[in-house]
Amino acid sequence: MTLKSINRKRLDKLATYLESLPKSYEHFDMDSYLVPDHAAVQTVKDYALHNGGVASCGTVACAVGHGPAAGIYVPPKMIFDDHRVDWNSYSCLFTGESGEFGPRWYWMFGGGWDEVDNHHWGAAARIRYVLADKPIPKDCDEPCRGHRQLYREFDKRYAS
Numbered sequence: 001m002t003l004k005s006i007n008r009k010r011l012d013k014l015a016t017y018l019e020s021l022p023k024s025y026e027h028f029d030m031d032s033y034l035v036p037d038h039a040a041v042q043t044v045k046d047y048a049l050h051n052g053g054v055a056s057c058g059t060v061a062c063a064v065g066h067g068p069a070a071g072i073y074v075p076p077k078m079i080f081d082d083h084r085v086d087w088n089s090y091s092c093l094f095t096g097e098s099g100e101f102g103p104r105w106y107w108m109f110g111g112g113w114d115e116v117d118n119h120h121w122g123a124a125a126r127i128r129y130v131l132a133d134k135p136i137p138k139d140c141d142e143p144c145r146g147h148r149q150l151y152r153e154f155d156k157r158y159a160s
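When we follow the UniProt record's numbering, the leftmost residue of the sequence shown carries the number 1, and every step to the right adds one.
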């Protein structure tokens, strides 16, 4: 499935935001969309409106969880009756995939990255890799250290 223009714009905006955060930014974790996971919409709105990469935010989130702070707001239809966000559906705004998560989702947003490259610039680099139409490894649902070489050219940590 090819990425649509709107997905590419959202991914670029998210990657640009993640790259703008300081290297030592501590409020990033690929293991969870937003901590606490049961965060209500008001918490997400507060985070999106006030974070802006400020380390005193106090909220930890993965790449997708940083979407609202990047200015990619959660559509009302993705908010449950109990005011929680449907993060799985929200993540599809970036990948263009629906239903089951596909290779693109696992490559950019999979929780397995928390053990391999749990850094916001690494997440941005994986997004840039996808935007460059590079081939996603077949075993992308099980990230390994060897995968890091694939997106290194897009990673700010290795920029010359």
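We put the beta carbon where it would ideally sit given N, CA and C, even for glycine. Fair warning: this is a prediction, and the values are worked out from it, not measured in the lab.
**Request:** Would you decide whether Ile-6 is buried or exposed? Buried here means 16 or more other CB atoms lie within 10 Å of its CB.
**Result:** Along the sequence shown, read from residue 1 onward, the residue named residue 6 stands at position 6. By the neighbour-count rule (16 or more Cβ atoms within 10 Å), Ile-6 is not buried but exposed.
**Message:** For the ligand SAH, is there any heavy atom lying closer than 6 Å to the beta carbon of Arg-8?
**Reply:** Of ligands this structure carries none, so the ligand SAH is not represented either.
**Prompt:** Count the other CB atoms within 10 Å of the CB of Pro-143; is the residue buried (16 or more) or exposed (fewer)?
**Reply:** Reading the sequence shown from its first residue, position 143 is the one you call residue 143. Pro-143 is buried by the Cβ-count criterion.
**Item:** Cβ-Cβ separation, Phe-28 to Ala-61 (assumed contact under 8 Å), whole Å
**Value:** Counted from its first residue, the sequence shown places residue 61 at position 61. Counted from its first residue, the sequence shown places residue 28 at position 28. Indeed they touch by this definition, with Cβ atoms about 7 Å apart.
**Message:** How far does the alpha helix (DSSP H) with Ile-6 in it extend, from its first residue to its last?
**Reply:** Residue numbering aside, residue 6 sits at position 6 when the sequence shown is read from its first letter. Run containing Ile-6: 5-20, per the alpha helix (DSSP H) assignment.
**Request:** Report back the beta-carbon spacing between Leu-18 and Ala-124 to the nearest angstrom; my notes put them in contact at under 8 Å.
**Result:** Locating residue 18 in the sequence shown gives position 18, where the first residue counts as 1. Locating residue 124 in the sequence shown gives position 124, where the first residue counts as 1. Indeed, because the Cβ distance is near 4 Å, the residues count as touching under 8 Å.
**Item:** Under the three-state DSSP convention, the category Ile-79 falls into
**Value:** On the sequence shown, position 79 is the one that residue 79 refers to. It is a strand residue.
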